[in-house]
Structure formats: structure tokens, C-alpha cells
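Written below as C-alpha cells is the structure these notes are about.
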Ligand SMILES: Nc1ncnc2c1ncn2[C@@H]1O[C@H](COP(=O)(O)OP(=O)(O)OP(=O)(O)O)[C@@H](O)[C@H]1O
Ligand SMILES: [Mg+2]
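Chains as they are written, first to last, in this note's numbering: chain W, 41 to 305; chain U, 8 to 274.
In C-alpha cells form, the structure reads like this:
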């Protein structure tokens, strides 16, 4: 007796639910909640993390992210303009740069700046400058691509209509093209800030004093305390989420907004 | 039921220099010669329709007039500006030449009103209130004053094109260029746009219109110019060119456009 497609789908959904319930029950029965509570999410340990986790670690994570973003955006704008330049060598240089830094791990860049350059040249950047460059040069490659795509996504007719109304090239770009490009670029740019926030954990590699700890380093030092368990890392993770989840929501909100503008044009 | 020319100085002042004068215009994209020795005159207050098959170079010709395309050679004067002079003030010329595109090209991030005021304010340096007054006058002309605060995306295609006309008129141009203004519209909104263009023509606006609307060309145009393969094949009074074309190429084009169902030979 053959089942209809609908009956089969219903059965399959039933099995999936049953499986889920089974796993949940197994978890509840088998897990040692007391141990988990003490070693993974211990309120006493969390309390120990304060206020440093906010006043030092979260603050530094935000500072590193901001520094990286400022450098990334500045360099990204320059690279995007180079990529759209009518002078071919500029385009080549920009392409080379973008492909290089999108292709190598950020970790490698941090190692090069933090250890490679001091060993090779006997010269060391200030801690903040190192972070700024390391995060910025990688972010710039991604930001440049987003900006270029945004500028090119504005239909050519918009520029032509503006010029036909007597606007100069600069006026048409500033008043008509760039505002529309920015709307297109806002979601990927917000995503870039999320990536940067997470990449700022690579600062962990660099030697530094307590005042310069960011969330990951702070959590790492936290778990070496007696009886701290996993809790300090969990606390750091929650702090990351406090930054990244709202940014993700913001980015999606921008996306639906630009969709509406796009549909209307 | 005659429509008199209302407050249009162009129509009443007799001027010797034509609004558009083109002599020996050539334009090529690489090896592709798109315009080959075009001659064209549009007198002040005149309505000229440009017709011809797809790819004959009509858009290119229009775009050479306000330098959206760079012509290779030839003499062009538009609204008193020597367009082929390398030292021309392009922006000053374009202020006098309104352009209406097939796909409207309204600015989606601005309201209907702002679409009509932005370049009055930024280019003509009019005050905001003066610009808004001019814009509202022109939005009333196209029957869309009540849509002033909406975004272009909230309007139908026909309404968007009427806003685009109001936007161009708000710069008080001497001359209006239309590139297939109704080709991208739903059939039911075509009539509204044509009615406004007809009104503009009656008010004495100088117009050069690329169109496939043969009844509009026959009824509204003073002259019709037929182009094919980058040359002007035939031109003359609208009724003559459309009613009794002399050239064989014009005849076959018109019979194809006027009786689209009878087409049996692919291009
Ligand atoms: N930017 C460009 N680069 C290369 N070729 C082009 C370009 N623009 C137009 N052409 C070519 O020039 C020729 C004329 O184009 P044009 O758009 O002027 O024709 P048209 O008469 O307006 O046609 P349609 O009725 O389809 O709009 C076509 O063969 C077209 O492919
Ligand atoms: Mg065309």
C-alpha cells in the first residue's frame, strides 16, 4: 500500500520530533547538572570576573575593533576607488592587495606584525599600532570589495540623470550615487564589524600587560585560576554575543530596508 | 477647443538660431559606426519625432546632443552652445536641456518633490522655497501634486515618468529630449504620459522625441525624421512621412510598426 507524498512528509516529521524529544530526555537524565553548573556557569566565578571583564576586557575589545575598522574603512575607500580607476596599474595594485589579504589567514598577519617584523628588523610597533594595522589591513580588503560592489550596484542611469540635470561629476556622486551606494553597503559593512569584533581575539597572541587584555585573553587567564572551570570563557563568549547579536539584527534590518528601496527603483 | 501657448517666451520670440543644429555627426563604438553623417535641425518651438528600427542609432543621437556620449566628429549646436567645442561648459548646457529617459531614472532615495528640487537647489542655487514652488507648479502640470511627499517606488510606471517630466521641466529648459518615454510602460498608462507631452507641445515647448508611438508622431510632431543604419533616410512633415513615405525602407518600417501582426520576416 503506497503512501501519498503528504503522508510520507507527515511521518518523516513525526520521526524527527520523536528523535528530538528522545535526545532531550537523555540529556536531562544523563547530565550531571550540579557539575555542569559549577564548572561551566558558576555565578561565584562570574562575580569574580567583574568588574575587569567589562572595564578592561570588553572595553579593549571595542577599542581594538574600532581601531581596526577606522583603518579598514579608510584604506578600503582608497582601494575601492583604485579598483574603479581608469588607470590600469591602480586597478592591478588594488586587485593584488585585495586577493592577497582575503587569501591569507588573519592569524598570519598578526604573527608577522607581532613577531616577524620585530625578529627580522629589530623594531617593534606600539601595541595599539600593531593591532590597528593587523586588523585594519585585512578588513580593508573586504571593505574595499563591498564598497566597489555598492558603487557599481547603483544603476548608471542614476548618474546620467543627475548629469543631465546639470550636476557636475562630483555633485552627482555626492548627492545621488554615494547615498544610494551607502545604503547598499550598510549590511555588508555591519557584517564586517562583526567579523572584526571576533578577529580582535587574535590580539591574544601578542605579548601585553593586563590593562591591554581583551575578552579572549581575559577569559584565557581566568580559566587558569583555581576552580574557575570553563566559566570565564563562557562569560567572555556572552560578552561577544552582547556585541555581535545586536549588530546582526541591525544588519538584517538594513538589508530589508535596502530591499524596499531597490524594489521601488 | 484650441490650446493657446501659455506663458512660454520661446514660442512668441522669433529666433533665427535653431534650438538644435547637427551637421555631419559621426559616432562609432570601436569598429561599429553607429551614426554616419547625421544632419538634423530642430527649430525653436518645434516638435520633431525621431523614428526608426531598433539599433538605428536614435538613442545615441539624442545622447550626443547633451554629451552623454562623445561624438567623433561633426558640428552640433544645442540651445546656443557649441557642443563640439572642447572648452564647452557642459553643465551650463545641460541646465538648458531637459532629458526624459525610457526607464525614468528617478532618484529612489528622494521624495517626488525632492526629485524635482534637488538640482534646482544644488545647480541653479535657488532657495528651497522657490525650488519647491517651481516643483509644485510642474507637478501640478503633470497632475501629480498630491504625490509630492511619496517615494518614486510608490508610484506606477506612468506616474514615475510624469514625475520625470516634471523634474526636467523644473529646470526651465529651452529644449526637451525624450528617449522612448513610453516604451517601458504598461499600455494603460501610456496615454497619460502622451497627453502631457501633447500639452507641452501645445504650450510651445521645443521637443525632440524618440518614439514608436506613430499616432503621437502623426498628430503632434511638426516634422518626423526616419533613421536607419545610422543615417537619416527620410524627413519631412509628420503626415507626409507617416502617411505617404517616399523611401522603401521607411515604408517597410512603417508597415511593420503599424501592423505588427503581419510580420513574417525576422530581422
Ligand atoms: N555604449 C555602447 N557601446 C557599444 N555599442 C553601443 C553602445 N551603445 C549603443 N551601441 C550600439 O549602437 C547601435 C545603436 O544603438 P542605439 O541605442 O542608439 O539604437 P536605438 O535606435 O536607440 O535602438 P532602440 O530602438 O533599440 O533603442 C546599436 O547597435 C547598439 O548596440
Ligand atoms: Mg534607444
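Using N, Cα and C, we set each Cβ at its ideal position, and we do this for glycine too.
Which residues of chain W have a Cβ atom closer than 9 Å to the Cβ of residue 69(U), listed in chain order?
Those do not exist, as residue 69(U) stays about 11 Å from chain W at its closest Cβ, beyond 9 Å.
On the DSSP bridge assignment, give the partners of residue 88(U) in chain order.
85(U)
By the criterion of Cβ-Cβ separation under 9 Å, what are the contact partners of residue 75(U) in chain W?
200, 203 and 204
Around the Cβ of residue 105(W), are there at least 16 other Cβ atoms within 10 angstroms (buried) or fewer (exposed)?
buried
Given residue 234(W), which residues of its chain have a CB within under 6 Å of its CB, disregarding the five upstream and five downstream residues?
284 and 287
For a test of your reading of the model: does the CB of residue 92(U) fall under 7 Å from any non-hydrogen atom of ligand 2? Yes or no.
no
Report the rounded CA-to-CA distance for residue 198(W) versus residue 126(U), giving the unit in angstroms.
13 Å
Anything in chain A within Cβ reach of residue 219(W), meaning under 7 Å, just list it in chain order.
Protein chains in the displayed structure are W and U, and chain A is not among them.
Would you please state the rounded distance, in angstroms, between the beta carbons of residue 45(U) and residue 29(U)? I believe it to be under 8 Å.
6 Å
Would you say residue 187(U) touches ligand 2, meaning its beta carbon is less than 7 Å from a heavy atom?
yes
With 16 other Cβ atoms within 10 Å as the buried cut-off, status of residue 209(W)
exposed
For residue 226(U), report the span of its alpha helix (DSSP H) as first-last.
221–227
Alpha carbon of residue 46(W) to alpha carbon of residue 55(W), nearest angstrom:
14 Å
Report the option in 124(U), 235(U), 48(U) and 201(U) whose CA atom is closest to the CA atom of residue 329(W).
The question about residue 329(W) has no answer, for chain W in this structure spans 41 to 305.
What residues are listed by DSSP as bridge partners for residue 244(U)?
230(U)
Quick test of your reading: residue 132(U) and residue 79(U), contact by CB under 8 Å. State the CB separation rounded to the nearest angstrom.
Their Cβ separation, rounded to whole angstroms, is 35 Å, which puts residue 132(U) and residue 79(U) out of contact at 8 Å.
Beta carbon shell of ligand 1 at less than 5 Å from a heavy atom:
36(U), 41(U), 61(U), 62(U), 63(U), 64(U), 65(U), 66(U) and 67(U)
Cβ-based contacts, 8 Å cut-off: residues of the stretch 111–137 of chain U near chain W:
112, 113, 114, 115, 116, 125, 126, 129, 130 and 131
Around the C-beta of residue 57(W), are 16 or more other C-beta atoms found within 10 angstroms, so that it is buried, or is it exposed?
exposed
Below-8 Å beta-carbon distance, residue 18(U) vs any chain W residue
In this prediction, residue 18(U) has a pLDDT of 44, which is less than 50 and means its spatial position is unreliable; nothing more can be read from the coordinates.
Do residue 256(U) and residue 225(U) have their CB atoms nearer than 8 Å?
no
Rounded to a whole number of angstroms, what is the C-alpha to C-alpha distance between residue 292(W) and residue 252(U)?
59 Å
For residue 122(W), does the three-state DSSP call read helix, strand or coil?
helix
Could you give the distance in angstroms between the alpha-carbon of residue 117(U) and the alpha-carbon of residue 263(U)?
41 Å
Hey, quick one: how far does the alpha helix (DSSP H) through residue 172(W) stretch, first residue to last?
167–193
Under 8 Å between C-beta atoms of residue 276(U) and residue 235(U):
Since the first residue of chain U shown is 8 and the last is 274, residue 276(U) is not available in this structure.
Check whether the Cβ atoms of residue 236(W) and residue 108(W) lie closer than 8 Å to each other.
yes
Are there any heavy atoms of ligand 2 lying less than 7 Å away from the beta-carbon of residue 225(W), as far as the coordinates show?
no
Checking contacts by CB at 8 Å: is residue 292(W) closer than that to chain U?
no
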